[in-house]
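Residue numbers (this note's numbering): 188 to 735. Glycine included, every Cβ here is placed at the ideal spot set by N, Cα and C. Working notes for the structure below.
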Ligand code: FAD
Ligand code: SIN
């Protein structure tokens, strides 16, 4: 077992402390030493804010086949059916494991209380009232803290993965894959960049909602893992499929707080300010149509009316029930002066989930040796062109287990415990330009044009405009990064600009409308030419192309 407090050498390095990273940590800690690095406090993650719940086949009127069919239908032709089957079939056991580590799901008498969300043909969403993510995150952190060989490094942000690119005079043998030996990590409090070396590394860095001006995601969601993997040479795919949640709170102090889809699942009605409902004009399933349909319907109604928001009405539901079922949403809205038992809730769509990500196989292996990825950062083939509600917590926990199983085999078969001579973090050529204002300006500019030009409804000309802007910004930000001391803000900005560029490039490549990607210049689905993933990777040389 590798263990070195001084040099940060461990058997397993996990980047991210959401459901994916923590679930994997629990499994692999049975094999060796584990370091989890996380860029803020350990619970700060998308996981912590999940409301609706986690989907699995848990009732007698449901079946794997139905859950698989619902997932494939939402994915609009791009899911990998083998992956969907594997994840759905793992579902019930995953829920039992979560209960075993202490997750207290809401119960109705002697059974789990199951919620309903858009696109699901059955009630199959296990939840802890409307605070499911917090309940899961807290239980996982408690379990992780009880393991002696897991160490959590808070306020540590990964800068880049360590691969052959960082070695001096390294001769890659013909056919040898790109390898990962850990990551360079900024200790935010000390301001130093340290090497974290590991035999196996897991990327569990979550999503990228913060690339958009309006998002349900917390600050940490800046696409860091995706950008790091891309820079290191891994394939990334399907990044045009950004899921916009139809109902985030519209309020100056609301900061895009999510109003869970389960509110519609319990009978919430979408209304215009006149009180007229409108979902019946868009889909037979009305409020419970798939998310992309509901988000586009709201977008269309807002464009027609010029209003700033639509409304979600649950005032017809029993007050006691609302308080018991949605204590979090009730409390947050009340604090802003909205009593959801009496008032309609003002809502707008907001960026919510990244369906694409770092390409993995069924074992969560990426193209890079010793590098695994799971959770929102990964593109496993589960979600295709549109994710079914509450399938992401399920996918994250299931793939964390698949990754742990594959890592065990790798760990036990690989007796090569030597690391090459990996250089310390280099500050050569770095001087402080004292132009730090660039960072906040560039971040806001990217968020604003991603929202306006690469949002729910796209067009060729808007995407071209966005491409022209991001190309300039990416170049400027990359230059800034190389010339200035590395800071938390610079790391995030570099990743935000890289991921924005990848999203725009993917959206321009797909010349059709499918799932979450709607381009009004190609309003139809084109199965003949586009029933395939949009794959991007950075090619340094013909040699590297062959290695991937
Ligand atoms: P996260 O939980 O986001 O964790 C990522 C971790 O990586 C964080 O700890 C972060 O700090 C860390 N990190 C990131 N970059 C770095 C770096 N450079 N260095 C170090 N650490 C880093 N899904 C469902 O299935 N059901 C739901 O009900 C549901 N509700 C949701 C509600 C909201 C408001 C949101 C935002 C999402 C919701 N989702 C839901 C989606 C789901 O929560 C996420 O997809 C899932 O939690 C992702 O888990 P993860 O472990 O991959 O990433
Ligand atoms: C929600 O509660 O509406 C979020 C569910 C999800 O994103 O899966």
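- Per DSSP, residue 358 has no beta bridge partner at all.
- In this structure, residue 411 has its CB closer than 8 Å to one or more heavy atoms of ligand 1.
- Scanning the segment 434-511 from its first residue to its last, the whole alpha helix (DSSP H) runs of 4-plus residues come out as 448-452, 478-492.
- Residue 534 places its beta carbon 9 Å or farther from that of residue 475.
- Between residue 549 and residue 567, the CB-CB gap stays under 9 Å.
- For residue 338, the enclosing beta strand (DSSP E) begins and ends at 337-340.
- With the rule of 3 Cβ pairs closer than 8 Å, the segment 687-696 counts as touching the segment 652-670.
- Residue 424 has its alpha-carbon roughly 23 Å from the corresponding atom of residue 483.
- One thing to note: residue 681 has its Cβ within 9 Å of the Cβ of residue 414.
- In this structure, the beta-carbon distance from residue 228 to residue 341 falls below 9 Å.
- In the three-state DSSP reduction, residue 706 falls in the strand class (E or B).
- Under the three-state reduction of DSSP, residue 431 is assigned to strand.
- Apart from sequence neighbours up to five positions away, the residues of its chain that approach residue 270 with a beta-carbon distance below 7 Å are 549, 567, 568, 569, ordered along the chain.
- The DSSP-derived three-state label of residue 665 is helix.
- Taking C-beta atoms under 8 Å as the contact rule, residue 234 and residue 201 fail to qualify, at a distance of about 14 Å.
- The Cβ atoms of residue 575 and residue 257 lie closer than 9 Å to each other.
- The closest CA to that of residue 352, considering only 609, 717, 649, 670, is found on 609.
- Taking 8 Å as the cut-off, the C-beta of residue 238 counts as close to a heavy atom of ligand 2.
- Between the alpha carbons of residue 521 and residue 527 lies a gap of roughly 7 Å.
- Taking all protein chains in view, the Cβ of residue 560 is crowded by 16 or more other Cβ atoms within 10 Å, so the residue is classified as buried.
- In this structure, residue 454 has its CB at a distance of at least 8 Å from all heavy atoms of ligand 1.
- Taking C-alpha positions only, residue 407 is separated from residue 226 by approximately 8 Å.
- If you compare the alpha carbons of 382, 378, 348, 383 with that of residue 366, the shortest gap goes to 348.
- By the neighbour-count definition (other C-beta atoms within 10 Å, threshold 16), residue 507 is an exposed residue.
- Judged by DSSP in its simplified three-state form, residue 536 adopts strand.
- If only complete runs of 4 or more residues are kept, the segment 600-655 shows the alpha helix (DSSP H) at 624-640, in order along the chain.
- Shown here, residue 399 sits in coil according to DSSP, grouped into three states, outside any helix or strand.
- Closest by C-alpha distance to residue 374, out of 388, 346, 391, is 346.
- Nearest in C-alpha terms to residue 280, of all of 315, 242, 303, is 242.
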